[in-house]
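Chains as they are written, first to last, in the working numbering: chain A, 1117 to 1461; chain B, 1117 to 1461.
Glycine included, every Cβ here is placed at the ideal spot set by N, Cα and C.
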């Protein structure tokens, strides 16, 4: 089978590609080729794999070729992030809304052109986000959001993600694709540099101290938020892809599993795993812009449909930190040799 | 003040224009000009009014001129209807999604170009629809939908309306417009011919018998549905326009008032108002296509936010029929001289 991962050179996309290559199969079929479409070049380890076809350029450009190209399944992860979308309204509409529609239309036209009788439409997993939830004056947000909570997004990013969920549902209803939308929780610990997302500090306050670098937490310790590790997130995307339509249930987006935690608990876990000296590298300095964005985010999430698919959150934030440390020791993330310089021993 | 009504030559648009011209003011300002943008020519009575500027052509075309033209307020009613959108997917996306976005962008660029300090963004009322509600396997629909029911639309029309609600909310949040979305209930009694909407029979089973014409009801008498009269609908749009942002509450769409009724009650009201001979002109012959679409619609609606604005539904369906008869006698709808030929006396 041939797969396409948009945003395939990104953090989640590359990890998904590595996981899929290691498995060798998806939904009972051998994986023969994975196209990684991204604005950035693919990591070297992926580019070196014979099954990987890395393509660099805007997604809108890739979509043209898709109309005739062979593809059995798509993981659509490409996206401008929340901070970018707030700063540049047109960029958000183009990167998140127009590109998704072009992708769906390409798959639709491919399906229409497929003359094999009963040919299945391409399966697609769309990575939506917990950012679809937010408080509206007319619709208070519950402390814990669920699969059936009414999304009233308070950022352009959240609006665009939610709009795309509805497009995926309608293209699926019409039989143009076999689409599923999974709402990612905030993924932590992300490697590398802050990425412009307002949620970036949820990784920074763990990653920087482990690297021996001081970190600033822009919100108060009581801030609560649903998070997930990179690997649980990737496992969730794969499980949603492999679910039968009946098991997925309906066409509405589902929440991926969340570990509901607080900044204070995250830092306590950091001390538990890495010691008090590492924990001491984090200090609090409120950033009004970020704090105001975060104040509109849910403080926790429940993922009943994902649980029915067998997907569960991590047991503790310490486990998430241990996953990051193990990744660094195993050579992931690529090019971060100093990622654990802050750890004693 | 200068107003734009998209779909201004349509049934609701023209009635809205007549109501506004008769009032002479909106939100405390004198109405000096109303642009009616529509694919069809405006009714003669409107075209003859010096304050009316009727423009015929696709909405996408009109939007170009809007970027520099003067407009204080917009009622955005133009839309392809549900049956059309199911039959022609691209038409629905173009007419409902692309046109709305072009309109919002035109207002946004106008606002950005307005160098008067503190110039208010254009106020906009978007006519959404009760069609945003539908049952999804993962999200059962309540019998009575409310302002906070999660929309999981089961038609392209409903999907597109709901997407536009979210665009209106985000353009409003950003300060580009002062937007409000009001979900219209099924408007009945519509004059003229069936219009391609799957809900067309909700008018046909009243209108045709009153005109002395036999009518077929394609669904069973037990079918329940939230409806509203043309005038209550227009009054609702005006009230939503005039509401302060605080009174409107948040940025999420609200339901306009609904009279929750059944086909059997509608026909009983017809007999009450027009006599058994008129009622006898309706017979039941199930149309699977229409019945299946209607089966996915809500059986009733509640409109708490509209009620807080002072908007209430009709007391009975007989009142709705009486409004239609009074309209016909007063010369509305224009060009329907035989509309009451079926009435005795």
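For residue i, the first and last residue of its enclosing beta strand (DSSP E)
{"i": "residue 1293/B", "result": "Run containing residue 1293/B: none; DSSP gives neither H nor E here."}
{"i": "residue 1122/A", "result": "1118-1122"}
{"i": "residue 1150/B", "result": "1149-1154"}
{"i": "residue 1170/B", "result": "1168-1172"}
Within chain A, the residues that residue i reaches when beta carbons sit closer than 8 Å
{"i": "residue 1141/B", "result": "Chain A residues near residue 1141/B: none, gap ~27 Å exceeds 8 Å."}
{"i": "residue 1360/B", "result": "Under the 8 Å cutoff, chain A gives no residues; its nearest Cβ is about 12 Å from residue 1360/B."}
Residue i, buried or exposed, once every other Cβ within 10 Å from all chains shown has been counted against 16
{"i": "residue 1207/A", "result": "exposed"}
{"i": "residue 1256/A", "result": "exposed"}
{"i": "residue 1212/B", "result": "buried"}
{"i": "residue 1411/B", "result": "exposed"}
{"i": "residue 1164/A", "result": "exposed"}
{"i": "residue 1153/A", "result": "buried"}
{"i": "residue 1198/B", "result": "buried"}
{"i": "residue 1215/A", "result": "buried"}
{"i": "residue 1138/B", "result": "exposed"}
{"i": "residue 1297/B", "result": "buried"}
{"i": "residue 1360/B", "result": "exposed"}
{"i": "residue 1399/A", "result": "exposed"}
{"i": "residue 1195/B", "result": "buried"}
{"i": "residue 1157/A", "result": "exposed"}
{"i": "residue 1125/B", "result": "buried"}
{"i": "residue 1141/A", "result": "exposed"}
{"i": "residue 1221/B", "result": "buried"}
{"i": "residue 1252/B", "result": "buried"}
{"i": "residue 1330/A", "result": "exposed"}
Cross-chain neighbours of residue i in chain A, by beta carbon under 7 Å
{"i": "residue 1266/B", "result": "1264, 1266"}
{"i": "residue 1286/B", "result": "1272, 1275"}
{"i": "residue 1365/B", "result": "1253, 1254"}
{"i": "residue 1421/B", "result": "1254"}
Residue i, enclosing alpha helix (DSSP H) - first and last residue
{"i": "residue 1376/B", "result": "Run containing residue 1376/B: none in the alpha helix (DSSP H); it sits in the beta strand (DSSP E), 1375-1378."}
{"i": "residue 1459/B", "result": "Per DSSP, residue 1459/B belongs to no alpha helix (DSSP H) and is neither H nor E."}
{"i": "residue 1138/A", "result": "1127-1139"}
{"i": "residue 1208/A", "result": "1205-1208"}
{"i": "residue 1181/A", "result": "1175-1182"}
{"i": "residue 1224/B", "result": "1215-1229"}
{"i": "residue 1463/B", "result": "In the structure as shown, chain B starts at 1117 and stops at 1461, and residue 1463/B therefore has no counterpart that could be examined."}
{"i": "residue 1162/A", "result": "1160-1163"}
{"i": "residue 1239/A", "result": "From DSSP, residue 1239/A is part of no alpha helix (DSSP H) but of the beta strand (DSSP E) over 1239-1245."}
{"i": "residue 1320/A", "result": "1317-1326"}
Partners in chain B for residue i, counting only beta-carbon separations shorter than 7 Å
{"i": "residue 1368/A", "result": "1252, 1254, 1255, 1268"}
{"i": "residue 1205/A", "result": "1290"}
Per-residue DSSP class, three states only, for residue i
{"i": "residue 1339/A", "result": "coil"}
{"i": "residue 1402/B", "result": "coil"}
{"i": "residue 1302/B", "result": "strand"}
{"i": "residue 1434/A", "result": "helix"}
{"i": "residue 1185/A", "result": "coil"}
{"i": "residue 1142/A", "result": "strand"}
{"i": "residue 1196/A", "result": "coil"}
{"i": "residue 1263/B", "result": "coil"}
{"i": "residue 1212/B", "result": "helix"}
{"i": "residue 1410/B", "result": "helix"}
{"i": "residue 1428/A", "result": "coil"}
{"i": "residue 1370/A", "result": "strand"}
{"i": "residue 1362/A", "result": "helix"}
{"i": "residue 1345/B", "result": "coil"}
{"i": "residue 1356/B", "result": "helix"}
{"i": "residue 1190/A", "result": "strand"}
{"i": "residue 1331/B", "result": "strand"}
Nearest-angstrom beta carbon gap, residue j and residue i [assumed within contact, 8 Å]
{"i": "residue 1304/B", "j": "residue 1343/B", "result": "5 Å"}
{"i": "residue 1432/B", "j": "residue 1385/B", "result": "7 Å"}
{"i": "residue 1333/B", "j": "residue 1379/B", "result": "6 Å"}
{"i": "residue 1458/B", "j": "residue 1274/B", "result": "The pair is not a contact, with the Cβ atoms about 34 Å apart (cut-off 8 Å)."}
{"i": "residue 1187/A", "j": "residue 1118/A", "result": "5 Å"}
{"i": "residue 1285/A", "j": "residue 1367/A", "result": "4 Å"}
{"i": "residue 1244/A", "j": "residue 1281/A", "result": "5 Å"}
{"i": "residue 1355/B", "j": "residue 1426/B", "result": "7 Å"}
{"i": "residue 1372/B", "j": "residue 1419/B", "result": "6 Å"}
Chain-ordered neighbours of residue i on chain B, where CB pairs are closer than 9 Å
{"i": "residue 1192/A", "result": "Chain B residues near residue 1192/A: none, gap ~17 Å exceeds 9 Å."}
Contact list for residue i against chain B, beta-carbon separation under 8 Å
{"i": "residue 1279/A", "result": "1279, 1282, 1283"}
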